[in-house]
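Take 7 as the starting number for the sequence shown in the working numbering and just add one per residue. C-beta: ideal position from N, C-alpha, C; glycine also.
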Amino acid sequence: MGSGVTGAPRTMMNQALRYERVLRWIAATRARRVLEVGSGASGLAAWWPGPVTGVDLRFDGTPPPNLTTVAASIFDLPFPDRSHELVVCTDVMEHLPAGRRADALTELFSDSATPEIFTLPSVGSAGCVEGTASSVAR
7 MGSGVTGAPR
17 TMMNQALRYE
27 RVLRWIAATR
37 ARRVLEVGSG
47 ASGLAAWWPG
57 PVTGVDLRFD
67 GTPPPNLTTV
77 AASIFDLPFP
87 DRSHELVVCT
97 DVMEHLPAGR
107 RADALTELFS
117 DSATPEIFTL
127 PSVGSAGCVE
137 GTASSVAR
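In structure tokens form, the structure reads like this:
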């Protein structure tokens, strides 16, 4: 399922800070089947030594060896329900059309066996999904 991509994975300080709490959560849950939606060519896999399945519309750069890339949309993930122990989605929701965020969250929730991790780039952007997440989770 991997994509042919070239270039170096991106590992910048802002990514390290973004993933620091996510890494602690993965370690605490001991998840082995981790999915990151919106991973790009490196994302979580640049920081987590275990296997990661990364979903994105495209992959620019060479992924680290622990990243399996899957070109797909957040609205139509190509996995059976509950096929991952942990689903990570960082700094993606604020880029989606407001009218489609509930669809994205529903798809993400269906793929995870239990925990999901969603992060947003700032407190101000949290409002873009707060009500949506509450309604989908009910």
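Task: Residue range of the unbroken alpha helix (DSSP H) whose run includes A110 - done: Element bounds for A110: R107 to D117.
Open item on the list: Out of A37, A77 and P103, which one is the CA nearest neighbour of G44?
Closed with: A77
Task: Rounded separation between L63 and S79 - CA only - done: 6 Å
- [ ] Identify which residue in H101, A104, M99 and F115 has its Cα closest to the Cα of R93.
- [x] According to the sequence displayed, residue 93 carries Val and not Arg. The shortest Cα separation from V93 among H101, A104, M99 and F115 belongs to F115.
TODO: Give the single residue among V40, S48, T74 and T35 whose Cα lies nearest to the Cα of A22.
DONE: It is S48 whose Cα lies nearest to the Cα of A22.
Open item on the list: Excluding the 5 residues flanking A37 on each side, which residues of the same chain have their C-beta closer than 7 Å to its C-beta?
Closed with: E91 and L92
TODO: State the DSSP-derived secondary structure class of A77, mapped to helix, strand or coil.
DONE: strand
- [ ] Please determine, among A104, P103, S118 and P86, the residue with the shortest C-alpha to C-alpha distance to C95.
- [x] S118
- [ ] With DSSP as the reference, label T96 as helix, strand or coil.
- [x] strand
Open item on the list: Considering only DSSP beta bridges, list what V28 is partnered with.
Closed with: Partner(s): none; V28 has no beta bridge.
- [ ] Pull up the distance between the alpha-carbon of G60 and that of A104, whole angstroms please.
- [x] 23 Å
TODO: Run the CB neighbour count on R107, radius 10 Å, all protein chains shown included, and call it buried at 16 or more, exposed below.
DONE: buried
Task: Nearest-angstrom beta carbon gap, A110 and F85 [assumed within contact, 8 Å] - done: F85 to A110, Cβ: 15 Å. No contact.
Open item on the list: Using only the alpha-carbon positions, how far apart do P69 and R88 sit?
Closed with: When rounded, the distance between both Cα atoms is 25 Å.
TODO: Compute the Euclidean distance between the alpha carbons of T6 and E42, then round it to the nearest angstrom.
DONE: This structure gives no information on residue 6, because the portion of the chain shown stretches from 7 to 144.
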